[in-house]
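Before any comments, here is the structure.
Numbering (mature numbering (1 follows the signal peptide of the UniProt record, and there is no 0)), first residue to last: -19 to -1, 1 to 566.
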């Protein structure tokens, strides 16, 4: 009996410590989209009209609880980072009310799109504001005394104010990040408040959480909090799983991996950095990315392969991010409004097509892909597009007024639906690079005999023949279109097609990647990448079956004989009727 009890305890522990890696996505869906600063009502509609039908697996929503109201920071009104300074556990902000949040979660789950919430558990607001501050819902706090009635915290629930020494893990976890007052999660009372809030979100149908600034909290505290979270229960209890736990850990040298790798999925910042170096700066090689994933810095059982986030975007585009995207996904020069301009302190100006980076990550990674969709800005602290009088966030559904809607780029949707979801976590079985007359910035790979992709990060064109294990036939290139079952043809933008021959060979020609913003008269070109899968293949012509064909001819002959007989009988009967009528007359 004692042995059985121990066994049950072990199973319960495994249940509570392994489920954090499960995203809980429905069916074969794999991709998360981060709808940065989208209001609840807009996300609700997006789940119904776009994310559900296009087979997105989940949506990451900004922190939903009440935060500080920053009327002005320098020249900026309502900066985006105010959302990362919580003042109470109430679900109220410019994103919407608690009821609107519940309706959003319900609608998204109804459309098989899981909802993950960004959570700020490490800190409250900053002492830099001094005295009494007010939240967006009217809640007040006194930062001088570390008194937060809305959170239920006072001075005893915070660590002593100190500065971080980045070489000392103790100060990294106990001192104040950017002057934000650091919460002490080692206290059972504090854990209880956090768990109560997270469990409320789970009760509404939330599938998991992004844990902001996770490396600034002690691993044992994060484990203790997670162990007290309830299971996610959907479809009247027919679908249950543990909430996912996605950790923001900026690990510069791998020294934090033993601490966090078993606690939850980690955001893979080093992978993203290597991808950007290749596609943005023509630095290193595509093969270096392939070699990295064999021995990654981040060692979590599951990792989140992000294409960007609010911080990464602002590190790359320091001064502005304001070009309008070309949602056809066709690569074009700057004046055709498809490229994103990077304004740097250096005299050089460069552009690169971010959808190419997204496409590479979506086709290459075996981790959890997460794409970012935000808004344009001319100041990196600017909040979402808003009505200047009411400060209400403008509706992003029309993809206007500065909303970028990167997740609506058609090629990305085609790749997600017909490549990423289809190949799942199939390994990269074959890698091609450094071929004769090729370039280190050109590469191709095969995903588990299900998909094949080629990328050209060089300015020069690519022309190469590859051997692939895919069935012979014609394929729609998902970079330019998709195979429509109803019309039995490629549909989309350029509708580029390629053929895999009987010997498995496939000839690929791709243009170079446009980077110079000076060549504004350059003609539009095709995307510098190609992606095909079994889901984008034209069906094979049906081979005639002699037996079926013979039966068909017999049936046709019988039908003809019967038809002739019926017609003859009808004509004879009609003739007889006519004679009878004549006799009567």
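Don't be surprised by glycine CBs; every beta carbon is placed ideally from N, CA and C.
CA-CA distance, residue i and residue j?
i           : j           : result
residue 1   : residue 95  : 14 Å
residue 146 : residue 156 : 9 Å
residue 188 : residue 56  : 38 Å
residue 99  : residue 42  : 6 Å
residue 483 : residue 454 : 8 Å
residue 312 : residue 9   : Interpretation of residue 312 is limited by its pLDDT of 40, a score under 50 that renders its predicted location unreliable; the figure taken from the coordinates is listed afterwards. Roughly 30 Å between the two C-alpha positions.
residue 304 : residue 351 : Confidence at residue 304 is low in this model, with a pLDDT of 49, below 50, so the placement of that residue should be treated as unreliable; the coordinate-derived value is given next. Distance between the alpha carbons of residue 304 and residue 351 is about 22 Å.
residue 91  : residue 388 : 20 Å
residue 197 : residue 516 : 43 Å
residue 345 : residue 259 : 14 Å
residue 136 : residue 173 : 17 Å
residue 232 : residue 287 : 15 Å
residue 61  : residue 470 : 44 Å
residue 487 : residue 358 : 43 Å
residue 395 : residue 235 : 35 Å
residue 208 : residue 166 : 14 Å
residue 204 : residue 6   : 23 Å
residue 48  : residue 129 : 11 Å
residue 494 : residue 452 : 29 Å
residue 190 : residue 522 : 48 Å
Just curious, the alpha helix (DSSP H) that residue i is in, first and last residue?
i           : result
residue 238 : 238 to 241
residue 392 : 391 to 396
residue 206 : 200 to 208
residue 85  : 79 to 91
residue 170 : 169 to 184
residue 451 : No alpha helix (DSSP H) contains residue 451, which DSSP labels as neither H nor E.
residue 294 : 291 to 297
residue 274 : 267 to 275
If we call anything under 8 Å between Cβ atoms a contact, is residue i one with residue j?
i           : j           : result
residue 67  : residue 16  : no
residue 105 : residue 126 : no
residue 83  : residue 185 : yes
residue 475 : residue 491 : no
residue 399 : residue 514 : yes
residue 353 : residue 420 : no
residue 256 : residue 338 : yes
residue 4   : residue 270 : no
residue 103 : residue 71  : no
residue 88  : residue 28  : yes
residue 237 : residue 285 : no
residue 37  : residue 397 : yes
residue 210 : residue 200 : no
For the ligand MG, any of its heavy atoms closer than 7 Å to the Cβ of residue i?
i           : result
residue 278 : Absent from the structure shown: the ligand MG. Ligands present: none.
Spell out the partners DSSP gives residue i in its beta bridges.
i           : result
residue 457 : 478
residue 123 : 113, 128
residue 54  : 57
residue 425 : 413, 435
residue 366 : Its beta-bridge partners do not exist; DSSP assigns none.
residue 36  : Note: residue 36 sits in no beta bridge, so no partner.
residue 602 : Limits of the chain in this structure are -19 at one end and 566 at the other, which puts residue 602 out of reach.
residue 494 : In the DSSP output, where bridge partners are listed per residue, residue 494 has none listed.
Quick check on the DSSP output: the beta strand (DSSP E) that includes residue i runs from which residue to which?
i           : result
residue 253 : No beta strand (DSSP E) holds residue 253; the alpha helix (DSSP H) holding it covers 250 to 262.
residue 163 : 161 to 163
residue 488 : 486 to 491
residue 105 : 104 to 107
residue 152 : Per DSSP, residue 152 belongs to no beta strand (DSSP E); it is in the alpha helix (DSSP H), 150 to 155.
residue 21  : No beta strand (DSSP E) holds residue 21; the alpha helix (DSSP H) holding it covers 21 to 27.
residue 97  : 95 to 100
residue 510 : 510 to 514
residue 192 : 189 to 192
message: Counting beta carbon pairs with one atom in the segment 271 to 284 and one in the segment 361 to 376, are three or more of them shorter than 8 Å?
response: no
field: Stretch-stretch touch, CB-based, cutoff 8 Å, three pairs: the segment 72 to 81 with the segment 105 to 122
entry: These segments touch.
field: Meets three-Cβ-pair contact criterion under 8 Å: the segment 372 to 392 and the segment 400 to 408
entry: The count of Cβ pairs closer than 8 Å, one atom from the segment 372 to 392 and one from the segment 400 to 408, stays below three, leaving the stretches out of contact.
message: Taking 8 Å as the cut-off, does the segment 456 to 473 touch the segment 437 to 448 (at least 3 CB pairs, one atom from each stretch)?
response: no
message: Any contact between the segment 17 to 29 and the segment 241 to 253? By contact I mean 3 or more CB pairs, one from each, below 8 Å.
response: no
query: Below 8 Å, can you find three or more Cβ-Cβ pairs linking the segment 415 to 433 to the segment 356 to 368?
result: The segment 415 to 433 vs the segment 356 to 368: no contact.
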